[in-house]
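Residue numbers (UniProt numbering): 7 to 519.
Below is one structure, written out as structure tokens, with a few remarks after it.
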Ligand code: NAD
């Protein structure tokens with residue numbers, strides 16, 4: 007494939023199809039099952055990857071276990087130094103890797119670059135963090151006693167990632183886990199394994215230069231079956247899984263059944279509230295970016311807008327006008343704002359959802375059709391849709407991973423809008439557009455938005471890595487990336503030290519022998 011050979015050359019990659027890697031070693035080249043990967047951008051075959059077997063999984067886990075014994079003893083700031091070098095290497099390959107992300111996943115090149123930048127940013131964050139994994143000290147109730155807590159590494163962290171952020175989600179998890187002293191096994195989405203192979207290639211040079219043991223950063227290519235092996239494996243104390251709520255319920259149940267830890271980052275059904283006091287110019291820009299960016303395939307995509315009746319017609323007209331002029335096309339072409347959906351199944355889900363919501367009473371205002379003709383041969387390009395709907399409709403309650411924006415009207419105060427915004431099963435991202443302090447503060451109170459992310463005069467998507475990222479309810483409750491999200495990758499230990507000559511008991515208990 008000529009589109010991709012130049013990129014691979016820039017990345018220094020010869021082999022795109024091994025089933026697993028434990029760092030420097032690659033394996034599973036002769037496995038019985040292969041999967042062909044086609045670009046959603048032009049429908050062309052990029053490469054065929056080998057699918058890992060259960061035996062490959064076993065090799066990877068055993069290698070990771072051995073690596074953990076070494077890695078956990080490396081001082082945290084020294085682990086940070088490895089992550090610093092990984093960040094630098096990713097910086098160096100930002101453009102070709104961004105291009106590969108764009109070509110394999112279908113997001114526009116600018117967003118592909120943004121995704122790699124996010125990896126660089128989290129590396130920088132993790133380097134600083136490697137000197138800041140603080141525990142608290144407490145005053146003991148007993149004389150001449152000292153009490154404090156410390157955080158220790160967990161062991162193997164299994165990372166299951168989704169297709170839509172094919173590489174960034176891995177870095178959010180693995181770079182924090184690495185400075186925490188954990189080793190990682192990454193199972194990327196079977197829809198986007200090539201960018202994962204590319205990342206492994208990029209970091210393997212750093213692992214080699216630093217003489218790290220095999221197994222600190224491993225990669226395994228497979229579908230749900232490999233994910234299930236991980237979820238059920240007691241040797242994997244933490245499984246961090248990003249994807250659909252359907253998947254998260256299975257992973258959460260399997261990990262829970264063995265009392266392991268699961269960090270779940272699942273689907274969203276994100277809304278923007280537009281009040282009578284909104285700056286419409288800003289609101290419209292944020293809505294369009296949030297709703298059609300990444301062709302509606304972000305977990306934080308704006309899926310609903312809840313607009314006060316006084317602004318409703320104006321917003322509706324402006325949005326329809328913009329939607330009818332959206333540049334849809336090859337994601338690698340400059341000027342394109344809307345690329346393809348990941349595959350034809352996603353297109354089917356898009357058209358089915360539109361059909362269903364119209365049966366429920368929804369009114370399609372614009373878009374909704376397949377784009378065909380020259381340049382659109384892959385059959386994965388759609389025109390983003392806007393539908394007038396009501397919040398309680400079955401389809402509005404679901405996350406359809408495609409560009410459908412539901413327009414919902416409210417007539418009362420901000421409380422009514424907040425109730426609508428909270429009135430779904432998911433709880434990832436939310437935002438309000440208002441210049442009225444009473445409205446914005448109400449949105450942020452404990453009776454306001456019930457989401458993990460609540461923004462004011464900013465859309466629902468495009469979070470910075472410095473904050474903790476994740477959501478409530480069916481979004482799974484996990485937090486990744488910034489703030490103190492690192493604590494999920496460690497075990498907390500409380501230590502009490504007695505430097506007296508007595509042995510007093512807590513709570514003043516007398517136990518004389
Ligand atoms: P998906 O659930 O189909 O797959 C995600 C990953 O889970 C893949 O690697 C897949 O192989 C694996 N998997 C599937 N079933 C499994 C099982 N039973 N056991 C173990 N692993 C299993 O999701 P997708 O289509 O790749 O991604 C889109 C979804 O991801 C959307 O719902 C989106 O909102 C969500 N997402 C959430 C976040 C977040 O941070 N909250 C970020 C990105 C994507």
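Even glycine gets a Cβ: it sits at the ideal position worked out from N, Cα and C.
Computed from a predicted model, the values in this text were never measured in an experiment.
Does the pairing of the segment 477–491 with the segment 427–435 give three or more beta-carbon distances under 8 Å?
yes
Using CA coordinates, which residue listed in 293, 218, 248 is at the minimum distance from residue 322?
293
Beta-carbon contacts of residue 41 that lie in its chain and below 7 Å, excluding the five residues immediately before and after
54, 55, 57, 196
Could I get the ranges of all uninterrupted alpha helix (DSSP H) runs contained in the segment 339–381, with 4 residues as the minimum, in chain order?
350–365
Length at least 4, wholly inside the segment 434–512: the alpha helix (DSSP H) runs in chain order:
443–450
What beta strand (DSSP E) runs, 3 residues minimum, are completely inside the segment 80–142?
none
Whole angstroms is fine: what's the gap from residue 381's alpha carbon to residue 234's?
38 Å
Nearest CA to the CA of residue 238: which residue from 103, 189, 487, 262?
262
Candidates 504, 517, 228, 510: which alpha carbon is nearest residue 153's?
504
By the 10 Å Cβ neighbour count, where 16 or more other Cβ atoms means buried, how is residue 387 classified, buried or exposed?
buried
What residue range is occupied by the uninterrupted beta strand (DSSP E) comprising residue 164?
162–166
So, helix, strand or coil for residue 40, using DSSP?
strand
Any chance the CB of residue 194 is under 7 Å from a heavy atom of ligand 1?
yes
Exposed or buried, residue 76, counting other C-beta atoms within 10 Å across all chains shown (16 or more means buried)?
exposed
Just to check my reading of the structure: residue 155 and residue 142 have Cβ atoms closer than 8 Å, yes? What is that Cβ distance to the nearest angstrom?
6 Å
Buried or exposed (CB count within 10 angstroms, at least 16 for buried), residue 470
exposed
Is any heavy atom of ligand 1 found at a distance shorter than 7 Å from the C-beta of residue 477?
yes
Helix, strand or coil: how does DSSP classify residue 323 here?
helix
Could you tell me if residue 176 is buried or exposed, where buried requires 16 or more neighbouring beta carbons within 10 angstroms of its beta carbon?
buried
Taking DSSP's pairing of strands, which residues face residue 224 in a bridge?
191
Could you tell me which of 345, 464, 493 sits nearest to residue 269, measuring between CA atoms?
493
Quick one: what's residue 308 bridged to in DSSP?
276
Nearest candidate by alpha-carbon position, reference residue 18, set 211, 193, 130
211
Compute the minimum distance between the beta carbon of residue 257 and the heavy atoms of ligand 1, and state whether it is under 7 Å.
yes
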